[in-house]
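Line order of the protein sequences matches chains A and B. Anchor point for the first sequence: position 34 equals 33 in numbering that gives the first Met the number 0, and the numbering is continuous, going up by one each time. Anchor point for the second sequence: position 41 equals 40 in numbering that gives the first Met the number 0, and the numbering is continuous, going up by one each time.
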Amino acid sequence: MVEKKYTKEHEWVEVDGDTATVGITNHAQESLGDIVFIDLPTVGKEVKSNEELCVIESVKAASDIYAPIDGEVIEINNSLNNDASIVNQDPEKDGWIFKMKISDLSQYNNLMTLDEYLASLEN
Amino acid sequence: MSDKTLNKIFLHEFHLENGAKFVPFAGYEMPINYKKGIINEHLHVREKVGIFDVSHMGQILITANDKNISSLETYIPLNIKKIPSNKCHYSFILNKKGGIIDDIMISKININNKENIYIVYNASRKKILNEIFNNICDNYSVLNNRCLIAIQGPSSHSVLSSYLDLSKIINFLDINILQFENTDLYISRSGYTGEDGFEISIPNENAENFINQIFKNENACLCGLGCRDSLRVEAGLSLYGNEINEDITPVQANLSWALDKKRLEDDNLNGSSILLQQLQHTKDSIKIGITPINKTMLRNNMTLHNSEKKEIGYITSGCFSPILKKSIGMGYINDVTNRMDKLYVKVRGDFEEVIIDNIPFVKKNYKKGG
């Protein structure tokens with residue numbers, strides 16, 4: 000397992016081998032407010048980084064979730080279909096959203112570290 | 000819009016200290032929710048009592064003389080001369096086409112032995128309404144020095160009656176003047192959540208102390224505009240800028256119940272002949288309540304389509320209903336025969352089937368006949 004990384008779209012990415020697990024940050028869930036529904040991506044979908052992959056609906060608004068890295072969706076967190084508020088309660092662990100098979104680790108290395116992400120929030 | 004151009008309501012600091020998150024709304028920086036979040040605040044109002052600061056709304060007192068009444072009756076579809084004192088009416092400011100410049104609460108109240116017309120109007124329409132009032136009324140005062148606090152929920156009467164004698168405000172839409180700390184409160188039994196509740200106009204300097212007293216009650220919680228919106232959609236109530244605007248008449252918006260029908264025969268009323276004609280003939284626009292069949296969220300401005308995917312309407316308000324635990328919405332379709340067809344909403348390019356549902360989605364809980 001390598002260090003957790005972050006995107007400017009407020010997603011976190013954790014890589015284990017060629018599998019990346021993706022969710023939204025605590026800051027993101029706080030600003031979204033109560034999450035009521037997540038339109039999860041389709042397993043098997045191949046995407047490029049920064050492509051819209053799924054949508055989080057909160058009481059306030061719909062927000063797109065982007066693929067942080069090129070790859071293929073290999074698993075989705077089905078428990079979010081029954082209770083999307085898990086993302087509010089535990090965004091960076093049980094509230095993970097999807098897993099991808101990735102090939103280009105350099106894209107991952109280019110994402111922000113926690114310190115860089117936190118600094119970006121202050122600007 | 001940058002924060003510098005936004006107005007702050009009088010108790011801004013109080014809300015900040017109590018954990019409010021702010022959003023721009025109608026030119027004001029307004030609390031959207033507090034720490035509990037929109038869904039919990041919503042449920043709290045349906046179960047107990049919520050405190051809303053809606054001081055962004057416009058309030059005006061107009062001396063009830065013959066000239067002012069006659070001028071106002073050009074815009075307002077009520078017989079203002081004959082409406083009884085101490086009773087609120089939901090009504091409109093109409094343009095010459097019968098379109099809605101604003102929806103208002105209007106009443107007659109007696110202040111210092113003088114009869115006044117008291118009107119509460121939308122923040123987003125303050126500028127245009129203040130211009131109209133200035134042009135047509137003499138002897139009026141725009142109440143920028145007063146807050147407007149809404150206390151909403153089934154326990155609102157029991158919570159409020161610890162501080163005020165509510166014996167003159169027994170039924171829905173009653174309004175009266177009560178004393179608090181030697182100052183006049185204008186209190187109506189009203190609100191926009193579908194629950195029993197009160198709207199309280201209070202001088203700025205007394206407002207924080209008043210809210211704090213109610214806030215001490217364990218059944219009360221501060222609530223923001225986020226849940227005010229989902230509560231009013233559940234109750235099927237229209238919002239200016241969503242369901243109603245200058246191009247939509249009260250008849251088209253299913254609000255003809257609020258029109259004094261006799262006034263529609265009066266040429267002095269803006270748009271009277273258009274409204275009368277619309278009432279007598281088939282409506283060209285039909286307001287409906289909708290819910291999606293599958294899990295999807297309805298949002299304002301999404302388009303509605305028939306089974307041939309032809310666009311036949313749009314959503315005016317969409318939200319998540321914390322009571323029904325699904326998305327609900329209101330909108331317009333442009334042909335009554337479409338009610339027989341399947342109906343779809345376009346969500347990010349896909350067509351999702353929706354069904355027509357009854358408005359209100361949640362039964363209203365007003366206090367009547369007590």
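Glycine included, C-beta positions come from ideal geometry on N, C-alpha and C.
Three-state class that DSSP yields for residue i in the structure shown
i	result
Val1(A)	coil
Gln251(B)	coil
Asn134(B)	helix
Cys318(B)	strand
Ser84(A)	coil
His41(B)	helix
Phe21(B)	strand
Lys7(B)	strand
Met339(B)	helix
Ser90(B)	strand
His304(B)	strand
Phe13(B)	helix
Ile127(B)	helix
Val12(A)	strand
Ile110(B)	strand
Asn108(A)	helix
Asp65(B)	helix
Tyr191(B)	coil
Val141(B)	strand
Glu115(A)	helix
Glu50(A)	coil
Glu29(A)	helix
Glu121(A)	helix
Sheet register partners of residue i (DSSP bridge)
i	result
Ala149(B)	Phe51(B) and Glu198(B)
Glu56(A)	Phe36(A) and Ala61(A)
Tyr365(B)	Tyr365(B) is not bridged to any residue.
Glu74(A)	Lys98(A)
Glu46(B)	In the DSSP output, where bridge partners are listed per residue, Glu46(B) has none listed.
Tyr120(B)	Gly57(B)
Thr73(B)	The partner list for Thr73(B) (beta bridge, DSSP) is empty, contrary to what the question assumes.
Asn175(B)	Ile186(B)
Glu352(B)	Tyr343(B)
Pro90(A)	Pro90(A) pairs with nothing; no bridge assigned.
Gly288(B)	Met329(B) and Asp356(B)
Pro67(A)	None; Pro67(A) has no bridge partner.
Gly22(A)	Trp11(A)
Asp102(B)	Phe91(B)
Pro83(B)	BP columns for Pro83(B) are empty, so no partner.
Tyr313(B)	Thr302(B) and Tyr331(B)
Asn32(B)	Lys20(B)
Close beta carbons around residue i, own chain, < 8 Å, minus the five adjacent residues each side
i	result
Ser102(A)	Asp17, Asp69 and Gly70
Lys20(B)	Pro30, Ile31, Asn32, Tyr33 and Gly223
Same chain, Cβ closer than 6 Å to residue i, neighbours up to 5 away in sequence not counted
i	result
Arg298(B)	Gly317
Leu221(B)	Asn17, Tyr33 and Ile50
Thr315(B)	Asn241, Glu242, Met329 and Gly330
Ser326(B)	Pro291, Met296, Leu297 and Phe319
Gln151(B)	Val44, Gly49, Gly190, Thr192, Glu194 and Gly196
Thr24(A)	His9 and Trp11
Gln28(A)	Val86, Asn87 and Pro90
Phe199(B)	Correcting the residue identity first, residue 199(B) is Ile in this sequence and not Phe. Contacts found: Ile148, Leu184 and Ile186.
Lys126(B)	none
Same chain, Cβ closer than 7 Å to residue i, five either side skipped, listed in chain order
i	result
Phe36(A)	Glu56 and Ala83
Gln106(A)	Ser48, Ile68 and Asp69
Ser1(B)	With a pLDDT of 48 at Ser1(B), under the threshold of 50, the modelled position of that residue is not reliable, and the figure given next carries that caveat. Correct list: empty, nothing qualifies.
Leu120(A)	His26
Lys100(A)	Asp17, Thr18, Gly70, Glu71 and Ile73
Leu165(B)	His156 and Leu159
Ile82(B)	His88 and Lys107
Asp265(B)	Ser271
Glu207(B)	Leu10 and Phe13
Asn122(A)	none
Exercise. Counting Cβ pairs closer than 8 Å, one from the segment 232 to 251 of chain B and one from the segment 192 to 206 of chain B, do we hit at least three?
Worked result: yes
Exercise. Which full runs of the alpha helix (DSSP H) of 4+ residues lie inside the segment 198 to 282 of chain B, going along the chain?
Worked result: 203 to 214, 224 to 233 and 271 to 279
Exercise. Is the segment 34 to 41 of chain B touching the segment 212 to 229 of chain B, taking contact as three or more C-beta pairs under 8 Å?
Worked result: yes
Exercise. Mind listing which residues of the segment 224 to 245 of chain B have their C-beta closer than 8 Å to chain C's C-betas, in chain order?
Worked result: Within the model displayed, chain C is absent; protein chains A and B are what it includes.
For this session: Report yes or no: do three or more beta-carbon pairs, one from the segment 270 to 281 of chain B and one from the segment 91 to 98 of chain B, lie closer than 8 Å?
Result: yes
For this session: Give a yes or no on contact between the segment 44 to 61 of chain B and the segment 130 to 142 of chain B, applying the rule of three or more CB pairs nearer than 8 Å.
Result: yes
For this session: Inspect the CB distances between the segment 106 to 121 of chain B and the segment 61 to 77 of chain B and report whether three or more fall short of 8 Å.
Result: yes
For this session: Specify whether the segment 6 to 13 of chain B and the segment 201 to 211 of chain B touch according to this definition: at least 3 beta carbon pairs, one from each stretch, less than 8 Å apart.
Result: Output reads yes: the segment 201 to 211 of chain B touches the segment 6 to 13 of chain B.
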